[in-house]
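To start, the structure under review is shown below, and the notes come after it.
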Amino acid sequence: SQTIHQWPATLVQPVGSPLSLECTVEGTSNPNLYWYRQAAGRGLQLLFYSVGIGQISSEVPQNLSASRPQDRQFILSSKKLLLSDSGFYLCAWSGGGVEAFFGQGTRLTVV
Amino acid sequence: KQEVTQIPAALSVPEGENLVLNCSFTDSAIYNLQWFRQDPGKGLTSLLLIQSSQREQTSGRLNASLDKSSGRSTLYIAASQPGDSATYLCAPQGGNKLVFGAGTILRVKS
């Protein structure tokens, strides 16, 4: 069966520090991969999605970037965190036009 | 650009009631629509997936309908229980993207 791993679960980082969040998927090949952010009390905002290795689509201009170095690995990064980057980050995968599954999320607090 | 609206934003009901959660979307060119549940501080759990060619889908006490042409989906929860308390999110999928509504926060009181 397919599983999705996301880590770390929680993270507290100072303003100006770098960020790297990792997401990996098992049990499937060539998945569509997604990064979402959920600010406190708000809905999910799509940040990036990828349909293949090295293929990244950005949905909103921001202080973040994403990379897909391997088929089932999706990384969210920042060179210098801002206070406004705080939130709940969720990774998801789907087979393309079918059911999507989410990881357990990373709670990021920038202080 | 797809926009998704969920009504009501919040709902508080006594245990045992049958519930209706509404979702509307602006772009009917979708592959499917998915309903999720989110518990506080947790990730999303998939509840139901309705393909664009389907009219409804059922799982236990949950039933979801889809009217793609009018851009509407409805989630019915029968005989609600306190364990159903959570935020419910709908997400139509078009192209390669799922777009989410803000959700309905449900509280079922015992």
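Going down the list, the sequences are from chains A and B. The first sequence maps to residues -15 to 95 in our numbering. The second sequence maps to residues 150 to 259 in our numbering. Don't be surprised by glycine CBs; every beta carbon is placed ideally from N, CA and C. Note that the coordinates shown come from a computational prediction; the quantities given were computed from them, not determined experimentally.
Rounded to the nearest whole angstrom, the CA to CA distance from B:I179 to B:S222 is 12 Å. For A:T90, the closest of A:S(-15), A:S4 and A:S51 by C-alpha to C-alpha distance is A:S4.
In the three-state reduction of the DSSP assignment, A:G36 falls in the strand class.
DSSP places A:R91 inside the beta strand (DSSP E), whose first and last residues are T90 to V94. DSSP places B:D216 in the uninterrupted beta strand (DSSP E) bounded by L211 to D216.
Close partners of A:Y33 in chain B (Cβ separation under 7 Å): N245 and K246. Between the alpha carbons of A:L28 and A:C75 lies a gap of roughly 11 Å. The DSSP-derived three-state label of B:P189 is coil. Look at A:Q(-14): its C-beta is not under 8 Å from any C-beta on chain B.
Taking the Cα of B:S201 as reference, the smallest distance to any Cα among A:E83, A:P15, A:I(-12) and A:S(-15) is reached at A:E83. Distances from the alpha-carbon of B:V257 to those of B:G220, B:F249 and B:A227 put B:A227 closest. Not flagged as an interface residue toward chain A: B:G209, since no C-beta distance is shorter than 8 Å. The C-beta distance from B:V169 to B:Y225 rounds to 6 Å, short enough to fall under 8 Å.
Between A:Q(-14) and A:V9, the CB-CB gap stays under 8 Å. Counting only unbroken stretches of 3 or more residues, the beta strand (DSSP E) elements lying wholly within the region -12 to 65 of chain A are -6 to -3, 3 to 10, 16 to 22, 28 to 36, 39 to 42, 49 to 54 and 57 to 62, in sequence order. The region -9 to 4 of chain A makes no contact with the region 211 to 222 of chain B: fewer than 3 CB pairs, one atom from each, lie closer than 8 Å. B:G243 has B:K246 as its beta-bridge partners, per DSSP.
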